[in-house]
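Right, one structure below, let's go through it.
Number of protein chains: 2
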Amino acid sequence: MSSETKKRLRIVLVQPRNPLNIGAAARAMYNFGFEDLWLVDPWEKAFREAKSAMGAAKVLQNARVTSSFAEALGDASLVAATSAAKGRSTDLVQKELTTAGHAIRTHLEDRPVAILFGPEKYGLSREDLSHCDWLLEIPTNPDCPSMNLGQAVALVCYEIARHARAIPRLKTPASVSAQERDRILGLLLPLLSDSGFIFDGSEEAQTHKVRRWITRLRLAPADSQLLMAMLRQLRWKFDHDGD
Amino acid sequence: MSSETKKRLRIVLVQPRNPLNIGAAARAMYNFGFEDLWLVDPWEKAFREAKSAMGAAKVLQNARVTSSFAEALGDASLVAATSAAKGRSTDLVQKELTTAGHAIRTHLEDRPVAILFGPEKYGLSREDLSHCDWLLEIPTNPDCPSMNLGQAVALVCYEIARHARAIPRLKTPASVSAQERDRILGLLLPLLSDSGFIFDGSEEAQTHKVRRWITRLRLAPADSQLLMAMLRQLRWKFDHDGD
């Protein structure tokens, strides 16, 4: 997602009351490369405190304050409200955040989007919601649906900024050659014989078992070298005991 | 994702210092239905304050405190560290959170997973990282990569709890728990000391190297047992040499 595209996303906090939440929302926006923060009727003291906090992000310094929803929403052609409450009676189009992210990304490619977050205690009012096209539902636990404001902003920014999901590739990791495994066995098997792990009559079965073990480990080259270094040192100790 | 599955996820905060962050992490866990919170060496005052805060979630009341990584990681057979820093030099498997969530969900279906979050200022140390299999990268803005702790926990919980998409299941191969790996080290390290592989002055570096080696092997349970049997026999030989 280009930075031009990211500039088309506006985050609107409606009547936030807690300076820490305002600061956390601004930082999360900056974490994911979004910059356009508006506050509608914030508790003034909270906004002052948030702005003066050490390390307040540049996003917060540039935040705009208004009493007008129309101004806060600007020229957004898609306005989404966030809510953790499921099944709320509304005529808004309801979308789960997990599936709406892609649609919002697509919209942002050539048109602005605004996302509204309600006040900490009460959430968005029916009047606030009347400005919105979509209700974005964050799929929280019904026992504890309501999220912290700063965390909700972080989730929405993350979801919109996330890379398009590709099917993960399965890699087979590099592992050492059969020859290298034989060199390991050449060190390990004599140690196991000397220590009695491999004993008369068990050679064939135990050797097979240990060889399979080494094969299954699928040692990376560096891991194989470390194992050989340990085995050589154990060998040295065996040979020099009693010196 | 069933609640039984969710119980297999453990969130581990390493040396958290800010009570608000501890509280926010616990609340985010509860928002997404996760319950198992551990703290390694928290700043004690911060933990007390967080627990006594109004509305501290049940998750926080049940949180466990320890000084032992082995205890905090418990029987997790996949341990992931979180980091916003890209390109950090490490031999951990690096995964973007956006693509790792599905693999973690699959693993949780029958095996426990622990996710580590570092202290607010410094992140996880090299020593902390030596316990981990994966480094989970949160795809943040390079200009402002470091996330607030509570928000990072919220993102990870959200990503893991999100509804499964129709992509192929990724199997993470069965491997032994962190506790079992500690038992192996308990046998191997003394042998390496006795043989001179670990010598005065090299303990820390060599122990770190060997611990990482064991972690990378991702031993299956039967392979771990075979390794321990071999190590016990080598131990017996060391102790009885000269008899």
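Same order as they appear, the protein sequences are chains A and B. So for the first sequence, my numbering puts the first residue at -16; every next one is plus one. So for the second sequence, my numbering puts the first residue at -16; every next one is plus one. Positions of the beta carbon are idealized from the N, C-alpha and C atoms, including for glycine.
Nearest to residue i by alpha carbon, out of the options?
i, options, result
"Glu142 (chain B)", "B:Leu210, B:Thr65 and B:Lys34", "B:Thr65"
"Leu(-8) (chain A)", "A:Arg215, A:Leu20, A:Asn4 and A:Gln77", "A:Leu20"
"Ser178 (chain B)", "A:Leu214, A:Gln189 and A:Gly169", "A:Leu214"
"Ala212 (chain B)", "A:Gln134, A:Leu202 and A:Phe180", "A:Phe180"
"Lys(-11) (chain B)", "B:Thr198, B:Ser176, B:Cys127 and B:Thr89", "B:Thr89"
"Val136 (chain B)", "B:Asp116, B:Glu(-13), B:Val(-5) and B:Lys220", "B:Val(-5)"
"Gln208 (chain B)", "B:Ser129, B:Asp165, B:Ser113 and B:His85", "B:Asp165"
"Leu118 (chain B)", "B:Ala97, B:Ser(-15), B:Lys192 and B:Asp224", "B:Ala97"
"Leu112 (chain B)", "B:Ser129, B:Ser158, B:Pro95 and B:Lys192", "B:Lys192"
"Thr190 (chain B)", "B:Ser176, B:Ala203 and B:Phe221", "B:Ser176"
"Pro25 (chain B)", "B:Arg218, B:Glu92, B:Gln77 and B:Phe100", "B:Phe100"
"Leu170 (chain B)", "B:Leu210, B:Gly133, B:Arg195 and B:Glu186", "B:Leu210"
"Trp219 (chain B)", "A:Leu174, A:Ala86 and A:Arg195", "A:Leu174"
"Arg109 (chain B)", "B:Val(-3), B:Asp222, B:Ser(-14) and B:Ser(-15)", "B:Val(-3)"
"Met(-16) (chain B)", "B:Asp93, B:Arg195 and B:Glu54", "B:Asp93"
"Glu18 (chain B)", "B:Gly184, B:Ile197, B:Ser(-14) and B:Lys28", "B:Ser(-14)"
"Glu54 (chain B)", "B:Asp183, B:Glu163 and B:His223", "B:Glu163"
"Lys28 (chain A)", "A:Gly57, A:Asp58 and A:Pro2", "A:Pro2"
"Tyr105 (chain A)", "A:Ile87, A:Glu187, A:Ser129 and A:Ala188", "A:Ser129"
"Pro229 (chain B)", "B:Ala9, B:Asp58 and B:Asn4", "The question about residue 229 (chain B) has no answer here: the residues shown for chain B are numbered -16 through 226."
"Arg195 (chain B)", "A:Leu56, A:Asp206 and A:Glu186", "A:Asp206"
Kindly list, in the order they appear in chain A, the residues whose Cβ is closer than 7 Å to that of residue i.
i, result
"Tyr13 (chain B)", "Asn124 and Cys127"
"Leu217 (chain B)", "Leu174, Ser178 and Leu217"
"Met130 (chain B)", "Asn14"
"Asp116 (chain B)", "Result: empty, since nearest Cβ-Cβ is about 13 Å, beyond 7 Å."
"Asp24 (chain B)", "None at all; the shortest Cβ gap to chain A is about 25 Å."
"Asp111 (chain B)", "The contacting residues do not exist; Asp111 (chain B) stays about 21 Å from chain A at best."
Who are the neighbours of residue i on chain A, taking C-beta pairs under 8 Å?
i, result
"Asp206 (chain B)", "Trp196, Arg199 and Leu200"
"Lys192 (chain B)", "Leu209"
"Lys220 (chain B)", "Asp177, Ser178, Gly179 and Phe221"
For residue i, go through chain B and note every residue whose CB falls closer than 8 Å to its CB, in chain order.
i, result
"Arg145 (chain A)", "Thr81 and Pro122"
"Gln162 (chain A)", "Under the 8 Å cutoff, chain B gives no residues; its nearest Cβ is about 20 Å from Gln162 (chain A)."
"Asp19 (chain A)", "The premise fails here: Asp19 (chain A) is roughly 14 Å from chain B at the closest Cβ pair, so nothing lies under 8 Å."
"Asp183 (chain A)", "Per Cβ cutoff of 8 Å: no residues; Asp183 (chain A) is ~15 Å from chain B at best."
Just to confirm before moving on: does the CB-CB distance between residue i and residue j stay below 8 Å?
i, j, result
"Gly227 (chain B)", "Ala36 (chain B)", "Since the first residue shown for chain B is -16 and the last is 226, residue 227 (chain B) is missing from the structure and cannot be characterised."
"Thr123 (chain A)", "Asn14 (chain B)", "yes"
"Phe30 (chain B)", "Val42 (chain B)", "no"
"Cys140 (chain B)", "Ala33 (chain B)", "no"
"Ala144 (chain B)", "Gly16 (chain B)", "yes"
"Cys115 (chain B)", "Leu75 (chain B)", "yes"
"Leu200 (chain A)", "Leu200 (chain B)", "yes"
"Ser60 (chain A)", "Pro95 (chain A)", "yes"
"Leu202 (chain A)", "Val159 (chain A)", "yes"
"Leu138 (chain A)", "Ile121 (chain A)", "yes"
"Pro102 (chain B)", "Pro(-1) (chain B)", "yes"
"Ala40 (chain A)", "Cys127 (chain B)", "yes"
"Ile197 (chain B)", "Leu168 (chain B)", "yes"
"Asp224 (chain B)", "Asp224 (chain A)", "yes"
So which residues on chain B does residue i lean against when the C-beta distance must stay under 9 Å?
i, result
"Met213 (chain A)", "Leu171, Leu174, Leu175, Ser178, Phe180, Val193 and Trp196"
"Ala40 (chain A)", "Cys127"
Give me whichever residues DSSP pairs with residue i in a beta bridge.
i, result
"Arg47 (chain A)", "A:Trp21"
"Ala97 (chain B)", "B:Arg(-7) and B:Val62"
"Gln208 (chain A)", "For Gln208 (chain A), which the question treats as bridged, DSSP gives no partner whatsoever."
"Lys78 (chain B)", "B:Leu119"
Does the Cβ of residue i lie closer than 7 Å to at least one heavy atom of the ligand SAH?
i, result
"Arg10 (chain B)", "The ligand SAH is not among the ligands present in this structure, which contains no ligands whatsoever."
Going along chain B, which residues have a C-beta under 7 Å from residue i?
i, result
"Gly16 (chain A)", "Asn124"
"Gln134 (chain A)", "Ala7, Ala11, Gly133, Gln134 and Ala137"
"Tyr105 (chain A)", "Chain B residues near Tyr105 (chain A): none, gap ~16 Å exceeds 7 Å."
Chain A partners of residue i, CB-CB under 9 Å?
i, result
"Leu3 (chain B)", "Leu3"
"Ala203 (chain B)", "Arg199"
"Asp165 (chain B)", "In chain order: nothing, as chain A lies at least about 18 Å away."
Rounded C-beta distance between residue i and residue j? I'm assuming under 8 Å.
i, j, result
"Gln134 (chain B)", "Gln134 (chain A)", "5 Å"
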